[in-house]
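Residue numbers (my numbering): 411 to 536.
Positions of the beta carbon are idealized from the N, C-alpha and C atoms, including for glycine.
Here the structure is a predicted model, which means the values were calculated and not measured.
What follows is a set of notes on a single structure, which appears directly below.
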């Protein structure tokens, strides 16, 4: 029995690339990716002769439909806000109320924290 040579033992540690994968393995730029889609393909085709080297096919172009703007504005969901955005004093007062002199402490937060009313089942002695 011969030991495995070092060059062969590390062969499978290389990154998986489209050349090393099967016919469906294409990393690409995710330009033609659809969620749940399998080999959905590009929205056009390459043309060898002509001024445009890539021609879009209208039937293959994906169209995404958004809800009406009124529904978006009236929704309770709001857009993501980065943590680097400065918070105004008015918003801080509205959120935390009047803070004590030492700032926000655990005791003050416990007083203003929202409560979830849960009924604790009482066990009866058997």
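>> Tell me the residue span of the beta strand (DSSP E) that contains residue 505.
In response: Position 95 of the chain shown holds residue 505. For residue 505, there is no enclosing beta strand (DSSP E); the residue is found in the alpha helix (DSSP H) stretching over 499 to 506.
>> Just verifying my parser: in three-state terms, what is the DSSP assignment at residue 437?
In response: Here residue 437 is taken as the residue at index 27 of the chain shown, counted from 1. Three-state DSSP puts residue 437 in coil, outside helix and strand.
> What's the C-alpha gap between residue 514 and residue 485?
Replying inline: Taking the first residue of the chain shown as 1, we reach residue 514 at position 104. Taking the first residue of the chain shown as 1, we reach residue 485 at position 75. Linking residue 514 to residue 485 through their CA atoms gives a straight-line distance of about 31 Å.
> What whole-angstrom Cβ distance do residue 453 and residue 466 have, given they're in contact under 8 Å?
Replying inline: Translated into positions along the chain shown, residue 453 becomes position 43. Translated into positions along the chain shown, residue 466 becomes position 56. The C-beta distance from residue 453 to residue 466 rounds to 6 Å, short enough to meet the 8 Å contact threshold.
> Pick from 495, 519, 492, 512: whose alpha carbon is nearest that of residue 505?
Replying inline: The sequence position of residue 505 within the chain shown is 95, counting from 1. Distances from the CA of residue 505 to each of 495, 519, 492, 512 were compared; the closest alpha carbon is that of 519.
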